[in-house]
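Have a look at the structure below before the remarks.
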Amino acid sequence: MPGIPLNIGVNVDLAIPVTGFIDGIAVQPFSMDVPIDLKLFIDLPSPIPNVTIPLGEGESITVNIPKIVINRFDLTGFNVGNVGGIPFSRMHIEIINSVGPISVPILHIPAAPGVGNSTINPTSGFFNSGTGGGSGFFNAGQFISGFSNQGGRFLSGVENIGQLTSGMGNIGSIVTGWYNTSTAGLTGALLSGIGNVGSRLAGFLLSGTGQ
Numbered sequence: 009m010p011g012i013p014l015n016i017g018v019n020v021d022l023a024i025p026v027t028g029f030i031d032g033i034a035v036q037p038f039s040m041d042v043p044i045d046l047k048l049f050i051d052l053p054s055p056i057p058n059v060t061i062p063l064g065e066g067e068s069i070t071v072n073i074p075k076i077v078i079n080r081f082d083l084t085g086f087n088v089g090n091v092g093g094i095p096f097s098r099m100h101i102e103i104i105n106s107v108g109p110i111s112v113p114i115l116h117i118p119a120a121p122g123v124g125n126s127t128i129n130p131t132s133g134f135f136n137s138g139t140g141g142g143s144g145f146f147n148a149g150q151f152i153s154g155f156s157n158q159g160g161r162f163l164s165g166v167e168n169i170g171q172l173t174s175g176m177g178n179i180g181s182i183v184t185g186w187y188n189t190s191t192a193g194l195t196g197a198l199l200s201g202i203g204n205v206g207s208r209l210a211g212f213l214l215s216g217t218g219q
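Numbering-wise, my numbering comes out as the position in the sequence shown, counting from 1, plus 8.
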């Protein structure tokens, strides 16, 4: 439902009474010395030169200021915005608002640490499944991060299958590197490198079981 405009304007006559007083002020007598440093300039007709006569050079006179007293001043019968009962000041109050809009939710998505996850435990990332507790994209399992990994737990990387494995395209348990394949099933293969097949191997394109 769209918002409904609501405008209200009110004029208020001002008549605020002001009472009080301004306390008296007293300035004690004081004196000040005024130095005299004057020069009398006499402009004489030509060819007679002009004459400058110094007056009171280096001397001063003392001026005595007597005590100054301003008596207390009371404020009575004084109104702000009103003179003789006739208001001359007016305040305008305007309320500009609206009612609404009113929205009725059709689809509610509760807060969650990720998007599209279907894991048992809270998981961050996108479209992960399984036990959860990890992060990443399209992973299935527990404590998994990365992209499209599948298996037991503790996987990271891209398209790995197994557990305790990291890297890319690895298959097995305890495998790291690229496209290594374990032949030890769920037993730790201890494989690392690129393109190895077997267990206990480290290097490139090796096969079998190492020492």
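By construction, the Cβ of each residue, glycine as well, lies at the ideal position given by its N, Cα and C atoms.
Inter-residue CB distance, residue i and residue j (contact presumed, cutoff 8 angstroms)
i    : j    : result
V144 : N129 : The residue you asked about is not Val; residue 144 is Gly in the sequence shown. Not really, about 14 angstroms apart at Cβ, beyond 8 angstroms.
G180 : G165 : Not confirmed; about 13 angstroms, so no contact.
G211 : N204 : 7 angstroms
L6   : S207 : Beyond the ends of the chain as shown, which are 9 and 219, falls residue 6; an answer cannot be given.
S132 : G124 : About 12 angstroms; that fails the 8 angstroms criterion.
Rounded C-alpha distance that separates residue i from residue j
i    : j    : result
G193 : F155 : 23 angstroms
T191 : N136 : 28 angstroms
F134 : F151 : 14 angstroms
L63  : I50  : 13 angstroms
D41  : E65  : 14 angstroms
T27  : D82  : 8 angstroms
L209 : Y187 : 13 angstroms
I202 : G175 : 10 angstroms
Q219 : V183 : 16 angstroms
Q158 : F146 : 9 angstroms
V59  : L46  : 14 angstroms
Member of the options whose CA lies at the smallest distance from the CA of residue i
i    : options                : result
S68  : T27, F135, I44, I61    : I44
N79  : F49, D31, L48          : D31
T84  : Y187, F29, N72, F146   : F29
Q36  : I73, T127, T139, G124  : I73
G138 : T127, T131, R208, S132 : T127
K75  : P57, S39, P55          : S39
Beta-carbon gap between residue i and residue j smaller than 8 angstroms
i    : j    : result
G160 : N168 : no
G216 : S200 : no
L172 : G149 : no
L52  : I61  : no
V71  : A34  : no
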